[in-house]
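Numbering (my numbering), first residue to last: 134 to 294. Note that the Cβ used here is the ideal one computed from N, Cα and C, for glycine as well. Computed from a predicted model, the values in this text were never measured in an experiment. Some notes on the structure that comes next.
Quick look at the structure:
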């Protein structure tokens with residue numbers, strides 16, 4: 134989490150309420166979309182939690198990324214959970230949440246790194262950062278005899294679809 138003073142200095146962030154050692158709420162004018170994003174940010178019970186809402190539509194991925202950048206540093210991993218439907222709490226139809234566990238002895242053991250609190254899948258499950266990384270991966274897979282999926286991309290209208 135960024136230092137509170139740094140958060141408070143954010144341009145276009147209007148804090149309307151704040152509780153000591155608990156959190157803050159207000160709105161952020163997103164100059165890129167021209168929309169006001171309502172927010173509640175709290176840090177309690179072992180979690181940093183950001184709720185972002187709009188009156189009549191759900192914030193976009195890009196809006197949520199900009200909000201994440203206000204409250205957390207670039208090297209901090211946060212998530213938007215999709216809980217089991219039995220665990221849903223919907224107090225607002227257009228609200229999304231970003232979460233980050235906090236290293237708190239009451240809730241966690243001291244980890245080697247923050248990522249142990251929030252496991253992050255390897256980026257290779259999404260893709261390669263560049264061509265050199267792709268080549269190294271394929272060479273390593275070949276060296277160890279690991280098969281790599283060769284996707285058969287079917288086009289619409291293809292008889293194999």
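Original post:
residue 197 to residue 145, Cα distance in whole Å?
Top reply: Residue 197 sits at position 64 when you count from the first residue of the chain shown. Residue 145 sits at position 12 when you count from the first residue of the chain shown. So the alpha carbons of these two residues sit roughly 15 angstroms apart.
Original post:
Buried or exposed: residue 176, going by 16 or more other Cβ atoms within 10 Å of its Cβ?
Top reply: What you label residue 176 is simply residue 43 of the chain shown in a count that begins at 1. Result: buried.
Subject >> residue 162 versus residue 282: straight-line alpha-carbon distance, rounded >> reply: Against the chain shown, residue 162 aligns to sequence position 29. Against the chain shown, residue 282 aligns to sequence position 149. Whole-angstrom Cα-Cα distance: 45 angstroms.
Subject >> DSSP three-state assignment for residue 190, whether helix, strand or coil >> reply: Within the chain shown, the letter at position 57 stands for residue 190. The answer is coil: DSSP assigns residue 190 none of H, G, I, E or B.
Subject >> Reduced DSSP category for residue 148 - H, G, I as helix; E, B as strand; rest coil >> reply: Counting from 1 along the chain shown, the entry for residue 148 is found at position 15. Residue 148 falls in the strand class under three-state DSSP.
Subject >> Exposure label - residue 192; buried when at least 16 CB within 10 Å >> reply: In the chain shown, residue 192 corresponds to position 59, counting from 1. Label assigned to residue 192: buried.
Subject >> residue 233 burial status per 10 Å Cβ neighbour count (16 or more: buried) >> reply: The residue you call residue 233 lines up with position 100 of the chain shown. Buried, by the Cβ-count rule.
Original post:
Between residue 274 and the rest of its own chain, which residues show a CB-CB distance below 6 angstroms, the 5 nearest in sequence each way excluded?
Top reply: Taking the chain shown and counting its residues from 1, one reaches residue 274 at position 141. Counting only Cβ-Cβ distances below 6 angstroms, and skipping sequence neighbours, we find 281.
Subject >> Bridge partners - residue 181, DSSP secondary structure assignment >> reply: Counted from its first residue, the chain shown places residue 181 at position 48. For residue 181, which the question treats as bridged, DSSP gives the partners 176 and 233.
Original post:
Expressed to the nearest angstrom, what Euclidean distance is found between the alpha-carbon atoms of residue 174 and residue 261?
Top reply: For this step, residue 174 is matched to residue 41 along the chain shown. For this step, residue 261 is matched to residue 128 along the chain shown. Answer to the nearest angstrom: the Cα atoms are 34 angstroms apart.
Original post:
Under 7 angstroms, do residue 134 and residue 205 count as touching if we go by C-beta distance?
Top reply: Working through the chain shown from its first residue, we reach residue 134 at position 1. Working through the chain shown from its first residue, we reach residue 205 at position 72. Yes, the pair counts as a contact, with Cβ atoms nearer than the cut-off.
Original post:
Taking Cβ to Cβ, would you say residue 171 is nearer than 7 angstroms to residue 189?
Top reply: Here residue 171 corresponds to residue number 38 of the chain shown, with the count starting at 1. Here residue 189 corresponds to residue number 56 of the chain shown, with the count starting at 1. No, the Cβ-Cβ distance between residue 171 and residue 189 is not below 7 angstroms.
Original post:
Grouping DSSP H, G and I as helix and E and B as strand, with all else coil, what is residue 228?
Top reply: Stepping through the chain shown from its first residue, residue 228 is reached at position 95. It is a strand residue.
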